[in-house]
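When the sequence shown is numbered by the working numbering, its final residue is 1246 and no position is left out of the sequence of numbers. Built from N, CA and C at the ideal position, the CB exists for glycine as well. Given the structure is predicted, the values throughout are model-derived calculations rather than measurements. For reference, the structure discussed in these notes is given below.
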Amino acid sequence: MLRFRQAFAADSPILSKIHEECFPNYWDSSAFTNFFGIENTRAVLVELHGQGKPEPIGMMVYRVVHEQADIITIAVRPAWRRQGLARSLLKSAFSHAKALGATKMFLDVEDGNVAAFGLYTNMGFRQINRRRHYYKQKDASFTDALVMSCELASV
């Protein structure tokens, strides 16, 4: 059974482990711990519950400030992708952000990440800008970030 729960600073090593599996330049545990010190920042952890210890399989960190919400990161472990987990995480962020008064949500996605770009477009996001040479790769090259936004009233 899948369970979505709010994550806390004590979960930072778990969030970092998921991030490491999903991104070439992942954030360490202290980076996630620091997010919890920023007002209006929330993290959600997806766990598979069965027999024994829950298995963490996905997560998201986002922030809501006044009318704006920002997805800081969202990640689903490779073996669990294309099963609707990222969509469910986004829907929960939409609901929470709207309840706090946000009217728009923003995120960055790496140019070339076709699956993520497709998901975000399908969820109502539109590309509004490009950040050149934003993501550093393991080979020291850089790729662009596509900045996307979504009107929360339409989702």
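Distance CB(residue i)-CB(residue j) smaller than 8 Å
| i | j | result |
| --- | --- | --- |
| Met1214 | Leu1243 | no |
| Ala1160 | Ala1184 | yes |
| Lys1189 | Asn1116 | no |
| Leu1180 | Gly1149 | yes |
| Cys1113 | Arg1168 | yes |
| Met1092 | His1140 | yes |
| Arg1041 | Ala1236 | In the structure as shown, the chain starts at 1092 and stops at 1246, and residue 1041 therefore has no counterpart that could be examined. |
Opposing strand residues paired with residue i [DSSP bridges]
| i | result |
| --- | --- |
| Thr1164 | Val1152 |
| Leu1237 | Val1200 and Arg1221 |
| Glu1242 | Lys1195 |
| Tyr1078 | Residue numbering for the chain in the displayed model covers 1092 to 1246; residue 1078 lies beyond these limits and cannot be assessed. |
| Gln1159 | Val1156 and Lys1195 |
As assigned by DSSP and simplified to three states, the class of residue i
| i | result |
| --- | --- |
| Arg1096 | strand |
| Arg1173 | coil |
Contacts around residue i, its chain only, beta-carbon distance under 6 Å, and the 5 residues preceding and following it disregarded
| i | result |
| --- | --- |
| Ile1162 | Tyr1153 and Leu1198 |
| Val1155 | Asn1131, Ala1188, Leu1191 and Ala1193 |
| Glu1146 | Leu1139 |
Contacts around residue i, its chain only, beta-carbon distance under 8 Å, and the 5 residues preceding and following it disregarded
| i | result |
| --- | --- |
| Glu1111 | Tyr1117 |
Exercise for the section: Give, in chain order, every unbroken run of the alpha helix (DSSP H) that is at least 4 residues long and sits entirely within the stretch 1106–1150. Expected result: 1120–1126
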